[in-house]
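Take any residue in the sequence shown, note its place counting from 1, add 1318, and you have its number in this note's numbering.
First the structure, in the form of structure tokens, and then the observations on it.
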Amino acid sequence: MFRHFSRQEARNLALLAVPVFLGQIAQIAMSFVDTVVAGRSSSVDMAAVAVATSFWIPGIMFGQGLIMAITPLVAQALGAGNRMKSRHFLRQGLWLALAISALLMGIFFTISSTITFWGRMDPLLAKKTSEYLFAVLFGVPALMLFVVQRCFLEGHGRTRPAMVAGFVGLALNVPLNIIFVFGKFGLPAMGAAGCGLATAILFWFMAASMMFFVRHTDRAALAVEKPSPAILRRMVRIGLPGAFAMLNETAAFALIALIISPLGVTSVAGHQIAINVSAFVWMCPFSIGAASTIRIGTLLGAGDIAGARRVRLTALTITIAMACVLAVLIYLIRYPVAALYNDDAAVIQMASLLLICEVFYQFPDGVQTNTLCALRGWNDTQAIFCISFIAYWIISLPLGWVLCMTDILTSEPLGVLGFWIALIFGLSAAGLLYLIRIHKLEHLSVEGMKKKIGR
């Protein structure tokens, strides 16, 4: 692996990955601002934002997963020297975004209209959750349009625009939240609904700002063209398995949270702290992986399979080096990190124990993230879906339940720790299967590669 490391590709990956990482930080910060401002309004408002987010995020992730097919398609077209083809993917992506938006808006509207009648939630909490969902759904089309343009620009190797839009959005998020949540300048105090409205407005601003960057990159790209069934089918064929793969992971973690809920507050709180730390740390390998998707797509478009392999192995080397550093760091500061979230000694102890699992979790997670992103560069999303299903639903969840709830494999039930041990096994299996798959693809002939990526 190390003999295939390329310093030039390492620099290319770093230039692409750093803005991706910072853009992810901006998104997390926006969610943090929403939670803090809602909490200052009332505990019910904060809970409403959290409950609404549990409905909102899976749908949005599914939509983004479907649209993300645009990035490698654009990169491949540009690698082949076909700028006009890359424009078609953007224009058709806009139609796809509108279709996804209509579907998601219908789902969110149905939930917001009926949640108060479900009868399993505090009436006030249900009302505020409904109001948040109704307010934020008007931003769905803007978010999907933003993602399409972001993917188009990333296909061009331009990852900074999304970062810039994210940080400008973050700067506007604070005042908009304060204005709508607490009612400033003569407006009524809206509570949780104010967070939803502020988020929707920000999405429209971010979508509009990306239009500026797209026009700066390719002035003719945003011209209107009628829907092309052939291109839309290709985008859906590539994007849909990737979207379902995202749901595999999201649904698996949601189910784990439900399964461990009877174990008590300490286990649930410790698990949540470990999940939050894991999500933050995961942005490092994901950023490198996203950069490798772009570079691999571009090189495959140019017919350079050896170059694509060199990029993957360079990215893998960087990812493993980062995993070593992060593993040591997590082990050393696990107690102070846990204490930032909670001051209960039992919760801190539980979270610290799970963060030790996070130390070992770094390596398989880094490998599987890196290789998964490489497969995206090959448009091989069906393999991603199948392997993620095996990793989470065939290995991690069943094994986690056995370790958590029974003494079949251990002297006594391990509780929530059992699921984290199972996740290490599941992600290790995913990493191995992804490596086997990408190794097979990298040994295709040039003609076989062109057939695979659909050139």
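In this text, a Cβ means the ideal position worked out from N, Cα and C, and glycines have one as well.
- Buried is the label assigned to residue 1468, since at least 16 other Cβ atoms lie within 10 Å of its Cβ.
- Taken atom to atom, the span from the alpha-carbon of residue 1338 to that of residue 1464 is near 15 Å.
- In this model, residue 1716 and residue 1531 are separated by some 46 Å (Cα to Cα).
- The residues 1618, 1623, in chain order, have a CB closer than 7 Å to that of residue 1767 in the same chain once the five nearest residues on each side in sequence are set aside.
- Excluding residues up to 5 positions away in sequence, 1419 lie with their Cβ nearer than 6 Å to the Cβ of residue 1459 in the same chain.
- The continuous alpha helix (DSSP H) containing residue 1758 extends over residues 1734–1759.
- Taken through DSSP and simplified to helix, strand or coil, residue 1400 comes out as coil.
- The alpha-carbon of residue 1645 is positioned some 32 Å away from that of residue 1387.
- Leaving aside the five residues that flank residue 1629 on each side, the residues in its chain whose CB is nearer than 7 Å to its CB run, in chain order, 1327, 1610, 1613, 1614, 1617.
- Inclusion of residue 1376 and residue 1694 in the CB contact set at 7 Å is not warranted, their separation being larger than that value.
- In terms of CA proximity to residue 1540, 1408 leads the group 1402, 1485, 1408.
- Taking all protein chains shown into account, residue 1448 has 16 or more neighbouring C-beta atoms within 10 Å of its C-beta and is therefore buried.
- The count of Cβ pairs closer than 8 Å, one atom from the segment 1495–1503 and one from the segment 1338–1356, reaches three, so the stretches are in contact.
- Non-local beta-carbon contacts of residue 1718 in its own chain, meaning distances under 6 Å to residues more than five positions away in sequence, involve 1736, 1737, 1740 in chain order.
- One alpha carbon belongs to residue 1702, the other to residue 1686, and they sit about 10 Å apart.
- Here DSSP, grouped into helix, strand and coil, assigns residue 1505 to coil.
- Taking all protein chains in view, the Cβ of residue 1661 is surrounded by fewer than 16 other Cβ atoms within 10 Å, so the residue is classified as exposed.
- Residue 1490 sits away from residue 1479, with the two beta carbons spaced by 7 Å or more.
- Contact check between the segment 1585–1602 and the segment 1669–1681: three or more CB pairs, one atom from each, fall below 8 Å, which counts as touching.
- DSSP places residue 1547 in the helix class (H, G or I) of the three-state scheme.
- About 7 Å separates the beta carbon of residue 1331 from that of residue 1632, a gap short enough to meet the 8 Å contact definition.
- Residue 1450 is positioned such that its CB atom lies closer than 7 Å to that of residue 1370.
- At a Cβ-Cβ threshold of 7 Å, residue 1713 and residue 1657 do not count as neighbours.
- For the set 1466, 1367, 1526, 1456, the Cα lying nearest the Cα of residue 1487 is the one of 1526.
- Its chain contains 1462, 1463, 1466 as the residues whose beta carbon lies nearer than 6 Å to that of residue 1415, once the 5 sequence neighbours on both sides are disregarded; these appear in chain order.
- Here residue 1436 is exposed, its C-beta having fewer than 16 other C-beta atoms within 10 Å.
- Counting only the Cα atoms, residue 1679 lies some 16 Å from residue 1706.
- Looking at the backbone, the Cα of residue 1410 and that of residue 1557 are separated by about 13 Å.
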